[in-house]
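S.K.:
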Amino acid sequence: MARLDPHSYNDSTQPETETLEWKARVDFRTRRLHAEATLTLKEASAGPLDLDTRDLDIRGVVDAQGRPLPYILSPPEPILGSRLRIELPSGVKQLTVRYRTSPEASALQWLTPSQTAGGQQPFLFSQCQAIHARSVVPLQDTPRIRIRYRASLRVPKQLKSVMAASFVAREEHGVEAEEHYEMPQPVPPYLLAFAVGSLTSKELGPRSRVWAEPEALEDAADEFAGVDDMLRAAESLFGPYDWERFDLLLMPPSFPYGGMENPRLTFLTPTLIAGDKSLVNVVAHELAHSWTGNLVTNASAEHFWLNEGFTVFAERRILEALAGPEVAALHAALGRRSLDEAMHHFRAHPQLTALRTHLSGVDPDEAFSQIPYEKGYLLLRALEDAVGRPTFDGFLRRYLEKYRFQALTTEEFVRFTEAELPGALAKVDADAYLNRPGVPQSAPRPTSARLEALEKLRGKVPSQADTKDWTPTEWQLFLESMPADTSQEVFRELDAKYGLTGSRNSEVLVAWLVAALRAGFDAPLGRAEEFLGEVGRMKYLKPLYSVLASSRDHRKVARAAFEKNGARYHPIARQGVELILARA
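If you use the working numbering, the sequence shown corresponds to residues 25 to 608, in order.
Here it is in structure tokens:
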């Protein structure tokens, strides 16, 4: 017996799932899915089969002929949930689990009509990464085991379901509609994704469209109009796009992430709608995942950097191809700042600042940070610098081809790299990135004329001439680098001159609010309180709640904001904010 993923009950001696057939009825009244999951195994095998579940109400388990199969649902463990152990008689290759989800399912957020853009219809969406798929479907919830699936969702007839899969058909039955989907490529369970609401779409290009509530559709289509250019640039770098379509879904404000790379249907936060396309690098990131993450996947959360470090590297190569090296360098500088902050945050847990982590007994949501993203990016940049871009590009193509539709570990990456780029890992001291805490002194640092110009203005009030060509990225870098001893007068002048408290760009706004409040400049406090009620993206909630909670004067403001808005946040975001407030 061997459990190769510390976050799954999956036993490597047991048969693996090959396909899933999932049928679910969406019940907004009770906030439950009434469902059945039919698992077809790669091979018939007598004995126990362990599935991951969380808060599922199991109604029965039967074989392909409808004969009951014995099962035991164990008491839940805090991180893993409950093991569903099914005893398989000899020759059984297919089984069906009938069940319903909990109203508190950790992967699902049920929104009332008042929490949507239209205000008339409810909304439901899933977020299964990292280990939340088990709260929706009983399955082997580990990225080691990829599955193909077919799904059907029964929803209220006036609503539309969308899924990270290929649409097959819609049938209407009285007051309900049943919509069918199919995912022909094998995917890890965390990429199971769907949403239900008042949704409509607009074509963006031959392989892409955007879905949104009708009230937000035109703004989303305008903001993401360049997605096909990104798709072509990515293919020129990484090879053919393997998922047929790259559609986008604009999520409600409570969506906890910037984006989620669900294949065929990327989920995106509405905070990207800045009106000037300045935040679409998030789309480039999710697109890059089509190769690094969705196509080649980390074997468990302990190797998460193989998803995110490669994807940040690929994202910046796409940005460089579309906007030039100066823009890519600005984003790399932002990334380095976020990495340094994450290193400081985890200073009491240095083991979590290595790329290759050991997470037995650790919730992957609590270990989540920018470290696998940005430290992983730096390792790949160091390798690219060491061997040269043409050589590294060839290596990357071979890597993607070898592990296509597979999952791998850090150790497998090391073996592959040693074979393909002999001596390169030692040359960059890869062990310092992979297995040691902190950031190596020799790690690459972004350089550009625009970065140098920003550094000269650090802590000052720039002139209109200085800022006339600034991008929002430069504003964000400038604000995030404000020295701790900057006077309140500087902040007062900045706001009077540039109206930063009224910024429409969420990245600039949050950088401004955090810098100002940290320095004791309280004029934007009201805007910070408002903003905490407008968004659910953890990238913004965590720094704002942290800066408020760290101040004796503002701690009550933070707690009052959470009491007012916490019910609107996704369960994953709510858990993160609760942790911040508990430590205050």
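Glycine included, every Cβ here is placed at the ideal spot set by N, Cα and C. Note that the coordinates shown come from a computational prediction; the quantities given were computed from them, not determined experimentally.
1. Just to confirm, is the Cβ distance from Phe149 to Ala219 under 7 Å?
2. Touching or not, the stretch 426–436 and the stretch 309–320, by the rule of three or more beta carbon pairs under 8 Å?
3. What are the complete beta strand (DSSP E) segments, minimum 3 residues, inside the stretch 410–438?
4. Straight-line CA distance for His368 to Gly115?
5. Once the 5 residues before and after Leu458 are set aside, which same chain residues still bring their CB inside 7 Å of it?
6. Exposed or buried, what is Ile155 when buried is set at 16 or more other beta-carbons lying within 10 Å of its beta-carbon?
7. Going by C-alpha to C-alpha distance, which of Leu215, Phe147 and Leu478 sits closest to Pro167?
8. In terms of residues, what are the limits of the beta strand (DSSP E) holding Gly84?
9. CA-CA distance, Ser159 and Arg361?
10. From Tyr173 to Met207, what does the alpha carbon distance come to, in whole angstroms?
11. Who are the Cβ neighbours of Thr140 in its own chain at under 8 Å, not counting the five residues just before and after it?
12. Taking DSSP's pairing of strands, which residues face Arg692 in a bridge?
13. So, using beta-carbon positions, are Glu344 and Ala312 closer together than 7 Å?
14. Please report the Cβ distance between Val306 and Leu292, rounded to the nearest whole angstrom; I am assuming they are in contact, meaning their Cβ atoms lie under 8 Å.
15. Given a threshold of 16 other Cβ atoms within 10 Å of its Cβ, counted over all protein chains shown, does Ala353 qualify as buried or as exposed?
16. Can you tell which of Phe328, Val304 and His373 has its C-alpha closest to the C-alpha of Ile342?
17. What's the gap between the Cα of Asp51 and the Cα of Gly348?
18. Could you tell me which of Leu93, Arg269 and Gly282 sits nearest to Ser190, measuring between CA atoms?
19. Please classify Glu203 as buried or exposed, where buried requires at least 16 neighbouring CB atoms within 10 angstroms.
20. Can you give me the start and stop residues for the beta strand (DSSP E) that His204 sits inside?
21. Let me check one thing: in DSSP terms, what residues is Thr41 bridge-paired to?
22. For Ala129, which of Arg56, Ala552 and Arg592 has the nearest alpha-carbon?
23. If I follow the unbroken alpha helix (DSSP H) through Gly333, where does it start and stop?
24. Out of Ala608, Gly250 and Arg405, point me to the one whose CA is closest to Ser302's CA.
25. Count the other C-beta atoms from every protein chain shown that fall within 10 angstroms of the C-beta of Ile171, then say buried if there are 16 or more, exposed otherwise.
26. What are the start and end residues of the beta strand (DSSP E) that includes Trp134?
27. Exposed or buried, which one is Gln38 when buried takes at least 16 other CB atoms within 10 Å?
28. Starting from Ala193, follow the beta strand (DSSP E) in both directions and report where the run begins and ends.
29. Nearest to Trp46 by alpha carbon, out of Asn34, Ser106 and Thr62?
30. How far does the beta strand (DSSP E) with Arg551 in it reach, from first residue to last?
31. When we look at the beta-carbon of His355 and count the other beta-carbons within 10 Å, is it buried (16 or more) or exposed?
32. Whose C-alpha, out of Glu101, Leu97, Phe419 and Ser69, is nearest the C-alpha of Asp87?
33. Hey, is the stretch 131–138 in contact with the stretch 93–102, meaning 3+ C-beta pairs nearer than 8 Å?
34. Taking the alpha carbon of Glu498 as the point to measure from, which residue in Val351, Gly400, Ser126 and Leu346 has its own alpha carbon closest?
35. Going by CA-CA distance only, name the one from Val571, Pro468, Asp577 and Glu553 that's closest to Gly590.
36. Starting from Leu541, trace the alpha helix (DSSP H) both ways and give me its first and last residue.
M.R.: According to the structure data:
1. For the pair Phe149 and Ala219, the CB atoms are nearer than the 7 Å cut-off.
2. Segments in contact, yes.
3. Counting only runs of 3 or more, we get 430–432.
4. Their Cα atoms are separated by approximately 54 Å.
5. Only Ala378, Leu379, Arg380 and Thr434 meet the Cβ criterion.
6. Classification for Ile155: buried.
7. Scanning Leu215, Phe147 and Leu478 for the CA closest to the CA of Pro167 turns up Leu215.
8. Counting along the chain, the beta strand (DSSP E) containing Gly84 begins and ends at Asp81 to Asp87.
9. If you take the alpha carbons of Ser159 and Arg361, they lie about 35 Å apart.
10. The straight-line gap from Cα to Cα measures roughly 5 Å.
11. Here the set comprises Pro146, Phe147, Gly221, Ser222, Glu237 and Pro276.
12. The first residue shown for the chain is 25 and the last is 608, placing residue 692 beyond what the model contains.
13. The answer is no: Cβ separation not under 7 Å.
14. The C-beta distance from Val306 to Leu292 rounds to 7 Å, short enough to meet the 8 Å contact threshold.
15. Residue burial annotation: Ala353 is buried, with at least 16 other C-beta atoms found within 10 angstroms of its C-beta.
16. Checking every option, the nearest Cα to that of Ile342 belongs to Val304.
17. Distance between the alpha carbons of Asp51 and Gly348: 49 Å.
18. Arg269 is the residue among Leu93, Arg269 and Gly282 whose C-alpha sits nearest the C-alpha of Ser190.
19. Counting the other Cβ atoms within 10 Å of the Cβ of Glu203 gives 16 or more, which makes it buried.
20. Per DSSP, His204 belongs to the beta strand (DSSP E) from Glu200 to Val211.
21. Leu65.
22. Closest by alpha carbon: Arg56.
23. Note, Gly333: alpha helix (DSSP H), Trp329 to Ala347.
24. Nearest option by C-alpha distance: Gly250.
25. Buried.
26. For Trp134, the enclosing beta strand (DSSP E) begins and ends at Leu132 to Leu135.
27. Buried, because 16 or more other Cβ atoms sit within 10 Å of the Cβ of Gln38.
28. Here the beta strand (DSSP E) through Ala193 covers Ser190 to His197.
29. Here the closest residue by C-alpha is Thr62.
30. Note, Arg551: premise wrong, no beta strand (DSSP E); alpha helix (DSSP H) at Leu549 to Leu556.
31. By the 10 Å Cβ count, His355 comes out buried.
32. The candidate whose alpha carbon is nearest that of Asp87 is Ser69.
33. With a cut-off of 8 Å on Cβ pairs, the stretch 131–138 is not in contact with the stretch 93–102, counting fewer than three such pairs.
34. Comparing Cα-Cα distances from Glu498 to each of Val351, Gly400, Ser126 and Leu346, the minimum goes to Val351.
35. Nearest of Val571, Pro468, Asp577 and Glu553 to Gly590, Cα basis: Glu553.
36. Ser530 to Arg542 is the span of the alpha helix (DSSP H), which, as asked, contains Leu541.
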